[in-house]
Amino acid sequence: MTVLIIGWSGRPTPGGGRSAVAAVDGVRVRVRRSLYKVRWLCDDHGAENYPHCPHLRALADEPADPTKRNHS
Numbered sequence: 001m002t003v004l005i006i007g008w009s010g011r012p013t014p015g016g017g018r019s020a021v022a023a024v025d026g027v028r029v030r031v032r033r034s035l036y037k038v039r040w041l042c043d044d045h046g047a048e049n050y051p052h053c054p055h056l057r058a059l060a061d062e063p064a065d066p067t068k069r070n071h072s
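Take a look at the structure:
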């Protein structure tokens with residue numbers, strides 16, 4: 001699958017990110033992390049608390065690109 005990371009915030013270490021947005025094979029996927037849970041959202045397959053579809057698993061396997069980090 002082709003993963004295009006659009007942007008993310010937080011640290012590039014495991015557990016360090018707060019949110020991420022990407023396109024996986026043309027499907028928008030997002031990860032939202034709060035203090036108590038992580039939501040994995042896929043425009044094709046819905047939302048769960050884990051990477052429940054192939055699009056989200058592809059995003060989970062993709063390393064964070066430091067050039068896409070939102071520093072604001």
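Residue numbers for the sequence shown follow full-length UniProt numbering, beginning at 1 and rising by one.
Just so it is clear, CB atoms sit at the ideal spot from N, CA and C, and this is done for glycine as well.
Owing to the predicted nature of the structure, the values given are computational and were not obtained by experimental measurement.
Excluding residues up to 5 positions away in sequence, Trp40 and His45 lie with their Cβ nearer than 7 Å to the Cβ of His52 in the same chain.
Put simply, of Thr67, Ser19 and Leu35 the residue whose alpha carbon is nearest the alpha carbon of Val29 is Ser19. If the five residues before and after Thr2 are omitted, its C-beta is found closer than 6 Å to the C-beta atoms of Asp25, all from its own chain and listed in chain order. Secondary structure note for Leu41: its beta strand (DSSP E) is the uninterrupted segment Val38 to Cys42.
Remark: C-beta atoms of Ile5 and Asp65 approach each other more closely than 8 Å. Of the residues assessed, Leu59 falls on the buried side of the cut-off, its CB having 16 or more other CB atoms within 10 angstroms. A residue is called buried when at least 16 other Cβ atoms come within 10 angstroms of its Cβ; Leu35 does not meet this threshold and is exposed.
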